[in-house]
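First to last, the protein sequences are chains A and B.
Count the first sequence with the working numbering and you get residues 711 to 1334, in order.
Count the second sequence with the working numbering and you get residues 47 to 153, in order.
Reading through the structure tokens given below for one structure.
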Amino acid sequence: MALFQISEPGETAPTEPQEKQLAAGIDLGTTNSLVATVDNEGVAETLPDEQGESLLPSVVRYLENGQTEVGTAAKNSQLNDIDNTISSAKRLLGRGIGDIKTLAGSLPYKFSDSDSSVLHIQTVGGEVTAIEVSAEILKTLKNRAEDALDGPLKGVVITVPAYFDDAQRQATKDAARLADLNVFRLLNEPTAAAVAYGLDQKDTLEERIIAVYDLGGGTFDISILKLNKGVFEVMATGGDSALGGDDFDHAIATWILQESGSDLTHHAMSEARRVKEALTNDDQVSVNLENWQGTLSLAQFNEMVASLVKKTLLACRRALRDADLSKEQVHDVVMVGGSTRMPIIREKVGEFFDKPPLVDIDPDKVVAIGAALQADVLAGNKPDEEMLLLDVIPLSLGLETYGGLVEKVIARNTTIPITRAQEFTTFKDNQTAMTVHVLQGERETVEENRSLAKFALKAIPPMVAGAARIKVTFQVDADGLLNVEAEEETTGVKSNVDVKPSYGLRDTEIEGMIRDSMDNAQADMEARRLREQRVEADRTLEALDSAMKSDSDKMLNNDEIKLLLEARTELKNIKDNSEDSAEVKAAIKHMEKVAEFYVARRMNDNVKTAMQGQSVSDFADTDN
Amino acid sequence: MAITFTDAAAERVSAFLADRGKGVGLRLATKTYGCSGMAYVVEFADEVEETDTVFEDHGLKIIIDPKSLVYLDGTEMDYTKEGLNEGFKFNNPNESGECGCGESFTV
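Next up, the structure:
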């Protein structure tokens, strides 16, 4: 028996590089994008452009010569060149033509008809996809960061909405790749905001429930997060993809047009925006449109937008209900998005959750700052003690092995990203294919676990059982995507599959699966024993069959054959029908005892055959 | 039943814990691994989970998760020298066979 040494808890966690690395956090927004980084003092700050602006409008204009304009310049020419100026590309990320039929009606772009599942937008600079548009924005931010930090970025953390699905996350990563950025990981926007406020560092073992209220220019998101020992879990999301600060402007503009009798919609909108922003600090603001002049008080404004605010609070209530929580259970409320500067929003949200929301960090920058803090940790710039454990595998991942047993390759609660490999071999002589069945769950047998994927490794060279070396590698990336690869090591034959383990599983189901495995530990152990004995029985039967097939006619008389076949039938019966591992074990022992004489006879014969026709000197030669 | 230490094992564990300067005890576990089915895990423990069972022997805490307990119950931990090698050894009554490399065992 091997001797054991004591390991550190979870010593298999991925190790991080030690030297200071340049890293940045990117908030790739629908309306505006930002980049932030952690300076040498450990303070995270957004990086401004040459004009001192941190916000980069998420707008890209394609020019005839193939060049692009990104940000404010593109935004300013949007009205004159609407076909070639793409904004809100984020809404199209990871979307096919079918997905956005509803959305496309409200978007001014010319979509190309193509078979491809990816949307193509026609511009004078050629057809572009949302991924390419996003890549242009990322490139601009990358250059800004590299200029400021004076060196190439080792990697970035890019934030995405919590509700982004797999395709949208993948599209975001593709955009980063096009921009030549190494993505440490994608981080949920609400999680980034919570990280920016250091909620993950609170010195408490208790669970914290965090509500993140994100009111941007054109979208509203509410996310309910659970933080437990440094691990964030999204419990519920909600919101309205067509409700944002613009609607508040619109309310004021409507009032201006009414009061003034003017029809200068565009001017009214820009005046409305100025008035809204001014009302953040003042109780009363004078309003001008051409020759008309009026005054708008904060009280009037609040009344105007009351229904909009109420809409957001309804979404909050729904999200809480989805998370099965009451308002009292929420520990912290984090405000995100420029529109949360409006006093009415802060007041009503505070009233709703019955606690003052966190507003100290600029709500436009808070997500980027959180991403920068996370990027800094992932780049390895923090001592281990401060390592953020942001995500874990909720359930163990494993493989089906012979006999319907599950061999766990990555254990539950392992932090991701992680790669683990294990070696397997063939069970039968000349086995040329192997099915790799990927399973998820805590139980010992295949039926009790969740099947994730099945694929075959073919073209294994014919070898005796146990000689093939098949290395199965499980790789879970930081975004929870699992890749399983099987490789026969002597020939290099490979096969693999991608799966998303958490897909379609609810928290309650995960919890149920874990509880189940604990409740059934004893029964599972007996099940495992039984299966192991059945596999053993199969092996014995197989060996007997193959021996008898090759030489029973030469070595055995009829009585002996009968005796062996009787024992064989008995073992097979017990193996197939018994639920008691000890009984199967005893039957195997019995079978082996009965066959002892035959085994001995074959062995003698083998030795004889091997020596036949050889002289003693031949053996002496081979020894030399 | 319980999990116990031999005097030699207890002495080593105390010494290792003292060297390390932190930790509430020793965590023992099993995992599926290797050619024979299961493998042992020996780790320092910094935390006790709600579902863990905690044994005390020689004034030391031995912490075991519920799944591993069924495979480990009744085990005695020993510390021995074998040739140039020294380390912990499991005397596990549940064990029915181990593979050639000694890394894994069956119940």
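C-beta: ideal position from N, C-alpha, C; glycine also.
**Report entry** Spatial distance of ARG1311/A from ALA1257/A (CA atoms)
**Finding:** By 1-based counting over the first sequence, the position of residue 1311/A is 601. By 1-based counting over the first sequence, the position of residue 1257/A is 547. Their Cα atoms are separated by approximately 11 Å.
Query raised in the report: Counting only beta-carbon atoms, is GLU89/B nearer than 8 Å to chain C?
Result: No chain C is part of this structure, whose protein chains are labelled A and B.
Query - Residue range of the beta strand (DSSP E) that includes VAL1115/A - result: Position 405 of the first sequence holds residue 1115/A. One detail in the question is off: residue 1115/A reads as Leu in this sequence, not Val. In the DSSP annotation of this structure, the continuous segment of the beta strand (DSSP E) that includes LEU1115/A starts and ends at 1115-1120.
Report task. Can you have a look at ARG895/A and say buried or exposed, based on whether 16 or more other CB atoms are within 10 angstroms of its CB? Result -> Within the first sequence, the letter at position 185 stands for residue 895/A. Buried.
Query raised in the report: Given 8 Å as the limit, is there contact between the region 1230-1238 of chain A and the region 1199-1208 of chain A, that is, 3 or more CB pairs closer than that?
Result: Cβ pair count under 8 Å is below three, so no.
Report task. State buried or exposed for GLU842/A, treating a residue as buried only when at least 16 other CB atoms are found within 10 Å of its CB. Result -> By 1-based counting over the first sequence, the position of residue 842/A is 132. Buried, since its Cβ has 16 or more Cβ neighbours within 10 Å.
Query raised in the report: Using a beta-carbon distance cut-off of less than 7 Å, what residues from the region 897-913 of chain A approach chain B?
Result: Here the close residues number zero.
Requested in this report: Leaving aside the five residues before and after ARG58/B along the sequence, list all residues of the same chain whose C-beta is less than 6 Å from its C-beta, in chain order.
Outcome: The sequence position of residue 58/B within the second sequence is 12, counting from 1. In its chain, beyond the 5 residues on either side, TYR125 have a beta carbon closer than 6 Å to the beta carbon of ARG58/B.
Query raised in the report: Secondary structure at GLN715/A, three-state DSSP: helix, strand or coil?
Result: As a working note, residue 715/A is residue 5 in the first sequence. Note: GLN715/A maps to coil in three-state DSSP.
Query raised in the report: When the cut-off is 8 Å and only beta carbons count, does PHE134/B lie next to chain A?
Result: Taking the second sequence and counting its residues from 1, the one referred to as residue 134/B is at position 88. Yes, its Cβ sits closer than 8 Å to a Cβ of chain A.
Query raised in the report: Quick one: does the C-beta of ILE1054/A sit closer than 7 Å to a heavy atom of the ligand NAP?
Result: Among the components modelled here there is no ligand, and therefore nothing to report on the ligand NAP.
Requested in this report: Tell me, please, which residues DSSP counts as bridged to GLU1110/A.
Outcome: As a working note, residue 1110/A is residue 400 in the first sequence. Listed as beta-bridge partners of GLU1110/A by DSSP are VAL1116/A.
Report task. Report the three-state DSSP secondary structure of HIS1300/A (helix, strand or coil). Result -> Residue mapping note: residue 1300/A aligns to position 590 of the first sequence, counting from 1. Here HIS1300/A carries a helix assignment [DSSP, helix/strand/coil].
Query raised in the report: So, helix, strand or coil for GLY1060/A, using DSSP?
Result: On the first sequence, position 350 is the one that residue 1060/A refers to. Three-state result, GLY1060/A: helix.
**Report entry** Contact check, LYS864/A vs ASN898/A, beta carbons under 8 Å
**Finding:** The count along the first sequence starts at 1 and reaches residue 864/A at position 154. The count along the first sequence starts at 1 and reaches residue 898/A at position 188. Result no, Cβ atoms of LYS864/A and ASN898/A do not sit closer than 8 Å.
Report task. Closer than 6 Å by C-beta to VAL1015/A: which residues in its own chain qualify, once you throw out the five before and the five after it? Chain order, please. Result -> As a position in the first sequence, residue 1015/A is number 305, starting the count at 1. Within the same chain, Cβ atoms closer than 6 Å to the Cβ of VAL1015/A are found at PHE958, ALA961, the five residues on either side in sequence being excluded.
**Report entry** LYS939/A versus HIS830/A: straight-line alpha-carbon distance, rounded
**Finding:** Position 229 of the first sequence, counted from the first residue, corresponds to residue 939/A. Position 120 of the first sequence, counted from the first residue, corresponds to residue 830/A. Looking at the two C-alpha atoms, the distance is approximately 44 Å.
Query raised in the report: Cβ of PHE1062/A less than 8 Å from any chain B Cβ?
Result: Residue mapping note: residue 1062/A aligns to position 352 of the first sequence, counting from 1. No, no contact with chain B.
Query raised in the report: DSSP beta-bridge partners for LEU937/A?
Result: For the purposes of this step, residue 937/A is taken as the residue at position 227 of the first sequence. Bridge pairing for LEU937/A: ARG918/A, PHE942/A [DSSP].
Query - Interface flag, LEU1099/A vs chain B, CB-CB below 8 Å - result: For the purposes of this step, residue 1099/A is identified with residue 389 of the first sequence, where counting begins at 1. Bear in mind that a pLDDT of 44 at LEU1099/A, under 50, signals an unreliable position, so the number given afterwards is only what the model happens to contain. Chain B contact via Cβ: absent.
Query raised in the report: Touch check for the region 1029-1044 of chain A and the region 990-1007 of chain A: three-plus C-beta pairs under 8 Å?
Result: The answer is no - the region 990-1007 of chain A does not touch the region 1029-1044 of chain A, with fewer than three Cβ pairs under 8 Å.
Report task. Inspect the beta-carbon positions of LEU738/A and LYS800/A and report whether they are closer than 8 Å. Result -> What you label residue 738/A is simply residue 28 of the first sequence in a count that begins at 1. What you label residue 800/A is simply residue 90 of the first sequence in a count that begins at 1. For LEU738/A and LYS800/A, yes; Cβs fall inside 8 Å.
**Report entry** Distance, ARG1241/A Cα to SER1291/A Cα
**Finding:** Within the first sequence, the letter at position 581 stands for residue 1291/A. Within the first sequence, the letter at position 531 stands for residue 1241/A. One C-alpha to the other measures close to 8 Å.
Query raised in the report: Short check: CB of ALA1152/A to CB of ARG1179/A, under 8 Å?
Result: If you number the first sequence from 1, residue 1152/A lands on position 442. If you number the first sequence from 1, residue 1179/A lands on position 469. The question names Ala, yet the displayed sequence has Glu at residue 1152/A. With contacts defined as CB atoms closer than 8 Å, GLU1152/A and ARG1179/A fail to qualify as a contacting pair.
Query raised in the report: From SER743/A, ASP749/A, LEU1251/A, pick the residue whose C-alpha is nearest to that of ASP759/A; which is it?
Result: The residue labelled residue 759/A in the question sits at position 49 within the first sequence. Proximity to ASP759/A across SER743/A, ASP749/A, LEU1251/A peaks at SER743/A, based on C-alpha coordinates.
Query - Euclidean distance between Cα positions of TYR1112/A and LEU1273/A - result: Residue numbering aside, residue 1112/A sits at position 402 when the first sequence is read from its first letter. Residue numbering aside, residue 1273/A sits at position 563 when the first sequence is read from its first letter. In a straight line, the C-alpha of TYR1112/A is about 29 Å away from that of LEU1273/A.
Query raised in the report: Pick from ALA1253/A, LEU1167/A, LEU1030/A, VAL1043/A: whose alpha carbon is nearest that of PHE1134/A?
Result: Locating residue 1134/A in the first sequence gives position 424, counting from the first residue. Checking every option, the nearest Cα to that of PHE1134/A belongs to LEU1167/A.
Query raised in the report: Buried or exposed: where does GLU729/A fall if 16 or more other Cβ atoms within 10 Å of its Cβ makes it buried?
Result: Along the first sequence, read from residue 1 onward, the residue named residue 729/A stands at position 19. Low per-residue confidence applies at GLU729/A: pLDDT is 47, beneath 50, and the placement is therefore not dependable, though the value from the model is reported in the following sentence. Exposed is the call here.
Query raised in the report: Cα separation between GLU141/B and ALA1082/A?
Result: For the purposes of this step, residue 141/B is identified with residue 95 of the second sequence, where counting begins at 1. For the purposes of this step, residue 1082/A is identified with residue 372 of the first sequence, where counting begins at 1. The straight-line gap from Cα to Cα measures roughly 50 Å.
Report task. Report yes or no: do three or more beta-carbon pairs, one from the region 1038-1047 of chain A and one from the region 919-926 of chain A, lie closer than 8 Å? Result -> Touching, yes, given that three or more Cβ pairs across the two stretches are closer than 8 Å.
Query raised in the report: From the beta carbon of SER717/A, is the nearest beta carbon of chain B less than 8 Å away?
Result: Position 7 of the first sequence, counting from 1, holds the residue named residue 717/A. Yes, because at least one Cβ of chain B sits closer than 8 Å to the Cβ of SER717/A.
Report task. For ALA930/A, return the contacting residues in chain B, with the cut-off set at a CB-CB distance below 7 Å. Result -> Numbered from its first residue, the first sequence carries residue 930/A at position 220. In the sequence as displayed, the identity of residue 930/A is Phe instead of Ala. Within chain B, no residue comes near PHE930/A; the closest Cβ sits about 38 Å away, beyond 7 Å.
Query raised in the report: Where are the beta strand (DSSP E) runs, 3 residues long or more, that stay fully inside the region 760-815 of chain A, in chain order?
Result: Correct list: 769-772, 778-780, 795-797.
**Report entry** ASP1255/A, enclosing alpha helix (DSSP H) - first and last residue
**Finding:** Position 545 of the first sequence, counted from the start, is the residue given in the question as residue 1255/A. Residue range 1231-1265 is occupied by the alpha helix (DSSP H) that includes ASP1255/A.
Query raised in the report: Is it buried or exposed for THR740/A, if we count other Cβ within 10 angstroms and need 16 for buried?
Result: Working through the first sequence from its first residue, we reach residue 740/A at position 30. Here THR740/A is buried: its Cβ has 16 or more other Cβ atoms, across all protein chains shown, within 10 Å.
Query raised in the report: Nearest chain B C-beta to SER1227/A closer than 8 Å, yes or no?
Result: Along the first sequence, one-based indexing puts residue 1227/A at 517. Taking 8 Å as the CB threshold, SER1227/A lines the interface with chain B.
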